[in-house]
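Working notes, structure below.
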């Protein structure tokens, strides 16, 4: 069970209570600014994720049969979302990740200001991570 999104869902709910959707967007922007930036050598098609209007790159490594993801984007709000997803899904086995579904995106409790395009992009991130973890045999 992937429950690492609980912390982010709680943070985003607090931001929404204090400042509405603007608070949530600011949280995502701040989270994106604090996250790692890929160098040009990492921003290659091999790491590129498709299905999002912004450019998104996701890399991974496997340590002791567990996946650890890193991500970046050229758009700050999306970079914040990518950062949350890769952090939340890191440290799990392929079996754990196989059980993720799109409903996990709604668990974050992002307000209606999260456009349909961004929701679709987040679902594409979930699919991309599932594809990565499902394609590796141990």
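Numbering (this note's numbering), first residue to last: 32 to 169. Ideal Cβ positions, reconstructed from N, Cα and C, are used throughout, including at glycine.
- The count of Cβ pairs closer than 8 Å, one atom from the segment 43–58 and one from the segment 72–79, stays below three, leaving the stretches out of contact.
- Between the alpha carbons of residue 34 and residue 81 lies a gap of roughly 25 Å.
- Of 115, 156 and 123, the smallest CA-CA separation from residue 59 is found for 115.
- Nearest to residue 65 by C-alpha distance, out of 53, 86, 89 and 108, is 108.
- By the C-beta density criterion, residue 94 is exposed, having fewer than 16 other C-beta atoms within 10 angstroms.
- Distance from residue 117 to residue 140 at the Cβ level is roughly 19 Å; contact not present, criterion being Cβ atoms closer than 8 Å.
- In this structure, residue 100 lies near residue 121, with their beta-carbon atoms less than 8 Å apart.
- Excluding sequence positions up to five before and after residue 87, its CB lies within less than 6 Å of the CB of 80, 104 and 113, all in the same chain and listed in chain order.
- Around residue 53, the same chain offers no residue with a beta carbon nearer than 8 Å, after the five sequence neighbours per side are excluded.
- Fully contained in the segment 117–147 are the following alpha helix (DSSP H) runs of length 4 or more, in chain order: 125–129 and 134–137.
- For residue 36 against residue 160, the beta-carbon gap comes to about 13 Å, at or over 8 Å, which does not count as contact.
- A distance of 8 Å or more separates the beta carbons of residue 57 and residue 43.
- Considering only 156, 45 and 92, the residue with the shortest C-alpha distance to residue 85 is 156.
- Annotation: the continuous alpha helix (DSSP H) that includes residue 65 extends over 36–65.
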